[in-house]
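This report refers to the structure that appears directly beneath it.
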Ligand code: ADP
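In my numbering, the protein residues as written are 64 to 362.
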């Protein structure tokens, strides 16, 4: 997500919500809580020679540790939101002049502090999303959603479209799939946002939705920086930022594409990419279509 785009998105919490007094994490998550979970296995259970029960116990222990990791990440990221939103709120007030006139230098310093806080808020939001994905690994929400409506909404909501030409081709009629509308909206916002972020101003972004048999596919193409063949393997990995001389000044977390693909795969689809360095990239999202028709503009 672009830093500018992040500012226009709802990742930013209202100041009122943020002003609840932050609580010390240790009070709710004592380090001593870890040990009972890990050591609470029946003594000698692994030494009785029963290989199957030993494997079950190991599995239980790994699952307990995995849950502990998710709980810790969830709690930490939630606790980070409040102080970050307070800092963001005050910086925004300073930037707007509500707290008094700023010198040119101070205005610049506040502006870049806001960008850094936005990036941290984006990271926190994506870490929360990652923890949530771990929790719902086996049970993603599947409601009928019109993908054409989602793609249209994502395309108009992404900031920066004034600086690029968005060419939207949705074909005709709805394109129903099963999924969670909010999550699908984030998937497409993220990919369109990347197309803008990694393209020079004035570039063309093509967004094309097709219904092929029982499948719906969406291509998002840009004429931007592209990706070197040797870096393609890093796409879609956790924290898989590709930093080159061309991208080093562009903010990001490297979690967006990983989350997009995880979400889409859990719905039985996939996200793939092709790219030519220096010429542009195409990201394709495929999802199984359904026949039930849903209203296009359900927000
Ligand atoms: P980030 O927050 O860094 O943008 P993503 O997971 O969305 O994280 O993307 C991972 C990496 O893939 C980015 O750091 C960028 O180098 C590369 N990338 C993603 N989309 C594009 C694109 N449309 N064109 C060129 N590179 C891209």
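Note that beta-carbon positions come from the ideal geometry of N, C-alpha and C, so glycine has one too.
- Taking the Cβ of residue 132 as the reference point, every heavy atom of ligand 1 lies at 8 Å or farther away.
- Checking the 8 Å criterion, the Cβ of residue 306 is within range of a heavy atom belonging to ligand 1.
- In the displayed model, residue 277 falls within coil according to three-state DSSP, outside both helix and strand.
- Each of 247, 227 and 189 was checked against the Cα of residue 210, and the nearest Cα belongs to 247.
- Judged by the Cβ position, residue 252 fails to qualify as a neighbour of ligand 1 at the 8 Å threshold, every heavy atom of the ligand being at least this far.
- Pairing residue 254 with residue 229 gives a Cβ-Cβ distance that is not under 9 Å.
- In terms of Cβ geometry, residue 182 and residue 303 do not form a close pair [threshold 9 Å].
- Distance from the CA atom of residue 282 to the CA atom of residue 234, rounded to whole angstroms, is 13 Å.
- Under the DSSP assignment, residue 349 falls outside any alpha helix (DSSP H), being part of the beta strand (DSSP E) whose first and last residues are 343 to 351.
- Burial is judged here by how many other beta carbons sit within 10 angstroms of a residue's own beta carbon; residue 170 has fewer than 16 and is exposed.
- Taking the Cβ atoms as the reference, residue 285 lies roughly 19 Å from residue 321, outside the contact range of under 8 Å.
- Classified as buried, residue 227 has 16 or more neighbouring CB atoms from the shown chains inside 10 Å of its CB.
- A check of alpha carbon separations from residue 346 across 329, 225 and 323 identifies 323 as the nearest.
- By the Cβ rule, the segment 211 to 218 does not count as touching the segment 146 to 155, because fewer than three pairs are nearer than 8 Å.
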